[in-house]
Each structure stands twice: as structure tokens, then as C-alpha cells.
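To start, the structure itself, in C-alpha cells.
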Amino acid sequence: MRTKGVVGIVAMTSVLALTLAGCSRGGGGGDETSAPSPGITDTTITLGITTPLSGATAGPGTCTVAGIEAYFGAVNAAGGVTFGDGKTRTVEITALDDAYDPQKAKANYDQLKDEVFLMTAGLGTPTNRAFREAAIADGVPQVLIMTGDPLFSDQAESPYQLGFVPIYQNEGSAFGDLLAASGEDHKVAILYQNDDYGKGYVEGFTDAVADASNVEIVKELSYEATDTTVDAQITELAATGADVIFNAMSITPLVISAMQKAQELDWLPSWFQPSNTSSPGAILEPAGAAVFPGVYTVSFAKAAASPAYADDPEMQTFLSDLAEYADYPDTPAFPHCAWSYMVGATLEQVFEKMTTPTRDEFMTQLRTISDFVAPLMLEGTSVNTTEDGLPAVSELVVQKYNGNGYSDAMSFG
């Protein structure tokens, strides 16, 4: 069902930040409309990333760096990117660990903002929110980031931002639409992360089933991202006898323990899982998810671990680039490696359009990408940055876990 490399630091001279209403923030003196912004020279451009490289979300966080390193590593090896101004530049990447801590993310941004051209690919809603206002004030692009928070795709509120992955409400709505269309009666228990991430998923789901007479939400419970267990919540939800759980969680160990606790209680509902916590190898297999009647997620990317893509040329190139240019020899368990590889491909499209080496020119050209099918995208999905209020990717495919990967779910059950 479908719904609507090289790591290094380029030190640059810091420039005077101008107001949003004033001239270009490119900096450097002279002609302020075309003088190079920080992080770009005639031969290089440097990208900054703050993302969790340690802690509970280190697995997907590491992938957000590996994928983009792999993409631009291959591009650099082939000579670099030819920009719209006729100059060919290699892409350098500086990635810092924020351990999914907003304060660390803000400190990382403060360290990078005068050395990099833009911030990209970083994972996390609270961590990206931590420096959003500063990035706007400084005129630093914070783009194609791994958060489904719709705030980042609202041009009036976030003029220097753009999300990459579908907004949380869109994912939640896809699940709700699938369930409502089943034609069978269902009782739904909801467990969500008590922040904008979890609430966004719940909003999309509940709106989609609001007029569905066959769907009853019997209980909603929340947890904090800092919690170490959700056993109590799973026990309470199991007591409802719900046949479906909508599980809007982002913390990998908690997702695994939630599924294991449900099995201990002999509660075997169907599970709806967010795209970023649906890895077969890293989450579902350790959790013993095959015993549940159905585990559903949404996706727009080919899964590296799925046997269906073992002979896919794009997948083979992707895995080869990961091993050679990102020092990532294993088949990735998380989709974020593929997502950030797509981010690299999308950025290259923008760079090729840029006629001046400024951040404002980058933002102008970023808004012009339409119907771009990046490597590894599923059929029926594409990158479109032209619509205000939507992230770069907003099309999704609902999939069902088949024991070692996912198959498209045309119906629920």
C-alpha cells in the first residue's frame, strides 16, 4: 500500500552573521551576494554532521555518517562534483558525536558552524531542534536531516532547514489507513515516546482512524526517551487484549525489550513499527518478532539485508562503496545507511545547480529538486523538495515483515 568521503576539517575564517532580512550571508567581503560562504573553496566543500555515534542510538547514528561518506567517497574518487559555477570540488565531511543529547548537539553545531558549509544527515528530533534557531540566526543550512518533525519542512518557521525522511504524521497515517481499510474490527493499544517524535506518529494514526468504525483505540501510554524499561507499560497494554499495538518508539533496546515482554505475557498482537526502528537484523530478529501475526513498517528505501535485493546493481554498488569509502564492511542492519547515501545523491544534484558558492544560493537550488529517484529508492518513491510543508521524501510503501526482510503489504492481515 502506498501513501501520499573523505573525513576532514576545512578551517575557514568566520564571518559576520547578517540578519535574515539583509544581504546574503555568504560572507567574505567584497561582493556580498557571491563571496564564498564558510566551508567552501574553489576545490573543496565541507559538510558537518552531529549525530549519535555512541549510546543507545549509535547503530542508526553511525549509519547516518557511513552512507554519506560512502557516496561522496566514490564521487571524490571519480574526480569530485562539478558545481554550477564550473568548478570541480571534492566533498569533505566532519562528523561529531552527540550521543542523542540535545546539549551536545548544540555544542557540536557551535564548533562546526564557521568551518562547514552546511549541516546535514544528523539523526534525531530533539538533537536537531537543539540548534535549529541558532542555525537560522547564523544562516547555516540544516538540511536533509533524519527527523520526521514537520517543523523542519515549514519554510516560514525554518527558512534554513529541510527534513529528509517522511514526517511522523505521514507514517502514522499510512498505518491507520491500512488498518481502517481492513474491513475487520480491531482494538489498538498505543505506546509512544513522550516528545514530538512519538506524538507526531500518534497524531497521524489517530486522524487516519478517526472515522473508522472498525478501529477502537483502547489505551494510550507513553514513555520517556531516558527510560530504561517499558515493562510496566507493556503489561498494562497487554491487559486490554488489544490485537494491534501502535508502537511509536525510537530507542532500539526498548523496542526489543517491549516485544520480548509481550511474549513473556503471552500477548501476541500485530505490531506497527516506525521506519527507523524496524531493522530485521538489529531489532526484529533479537526480539523474536517472527512469533507475532504481523509486524508492519513503512519504507522508501531498499533494505540491504533483504534477500530480494541481493543481486540488485544499486545495492551492490552501495555495499561496495560502504566497505571501500566508509570503512563499513558489514551489511547494514539499519535503513539510515541507505537514507544518508540518498542524501549524498540529493546534495550532489543541488551542488550541480549552484552558480555561486554561497549558502543562500544553496538553499535556493535545494528547493528546486523534483521527482529525483535517488539510488536505492523503492518504486513509486522519489525526492521532491519543491513543496512547502513536506520533507524531501514524503511517499511511502507499507511493508510486512516476512521473517528475514519485508514484503509490500497491500492489505492488513
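Numbering (our numbering), first residue to last: 2 to 414.
C-beta atoms are modelled at their ideal positions from N, C-alpha and C, and glycine is treated no differently.
Keep in mind it's a predicted model, so treat the numbers as computed, not measured.
Cα-Cα separation, residue i to residue j
i, j, result
"A305", "W268", "31 angstroms"
"D389", "F165", "13 angstroms"
"A263", "R368", "45 angstroms"
"P330", "T65", "15 angstroms"
"S307", "T253", "20 angstroms"
"V210", "D178", "7 angstroms"
"K303", "F273", "19 angstroms"
"F153", "N385", "15 angstroms"
"A410", "A233", "31 angstroms"
"E204", "N405", "30 angstroms"
"F301", "I257", "23 angstroms"
"Y224", "L266", "19 angstroms"
"D155", "A393", "12 angstroms"
"K401", "A59", "25 angstroms"
"Y407", "G289", "15 angstroms"
"P336", "V399", "15 angstroms"
"V292", "V245", "14 angstroms"
"T42", "T230", "49 angstroms"
"T357", "G85", "8 angstroms"
"S214", "H187", "10 angstroms"
"R133", "Y310", "37 angstroms"
"I1", "G381", "In this structure the chain extends from 2 to 414, so residue 1 is not present and cannot be described."
"L255", "A36", "48 angstroms"
"P151", "L348", "20 angstroms"
"A131", "N109", "10 angstroms"
"S25", "P333", "Low local confidence applies: a pLDDT of 42 at S25 is under 50, so the model's placement there is unreliable, and no value is given."
"L422", "F363", "Since the first and last residues shown for the chain are 2 and 414, residue 422 lies out of range."
"A79", "R360", "25 angstroms"
"V216", "L180", "7 angstroms"
"D328", "W340", "17 angstroms"
"G74", "P103", "29 angstroms"
"L222", "V296", "20 angstroms"
"A96", "G414", "42 angstroms"
"G27", "D139", "In this predicted model, G27 has a pLDDT of only 43, less than 50, meaning its place in the structure is not dependable enough to derive any value."
"V82", "M355", "11 angstroms"
Residue i - partner residues in DSSP beta bridges
i, result
"M120", "G49, Q143"
"R90", "V82"
"A96", "I50"
"M378", "A302"
"L163", "V144"
"V66", "V66 pairs with nothing; no bridge assigned."
"Y72", "Paired residue(s): none; Y72 is not in a bridge."
"K408", "Going by the sequence as given, residue 408 is Ser instead of Lys. According to DSSP, S408 bridges with K401."
"V384", "F373"
"I41", "I46"
Sub-7 angstroms separation of residue i and residue j beta-carbons
i, j, result
"N248", "L192", "yes"
"I168", "G149", "yes"
"S395", "N171", "yes"
"A67", "C338", "yes"
"F206", "G184", "no"
"T126", "D197", "yes"
"Y101", "I137", "no"
"Y326", "A71", "yes"
"V219", "A182", "no"
"P294", "S271", "yes"
"T121", "V144", "yes"
"M260", "T278", "no"
"P376", "A346", "yes"
"P39", "D115", "yes"
"L124", "P61", "yes"
"F118", "I46", "yes"
"F319", "Y342", "yes"
"T241", "A190", "yes"
"S280", "V299", "no"
"Q194", "A157", "no"
"A175", "L391", "no"
"S55", "D99", "no"
Residue span of the beta strand (DSSP E) that contains residue i, given as start and end
i, result
"Q400", "397-402"
"F273", "271-273"
"S280", "Careful: S280 lies outside any beta strand (DSSP E) and carries neither H nor E."
Residue i - containing alpha helix (DSSP H), residue span
i, result
"F363", "360-367"
"L113", "103-113"
"N129", "126-130"
Completely contained alpha helix (DSSP H) runs for the stretch 180-266, where each covers 4 or more residues
197-210, 232-239, 253-265
Which full runs of the beta strand (DSSP E) of 3+ residues lie inside the stretch 282-352, going along the chain?
You should have 296-300.
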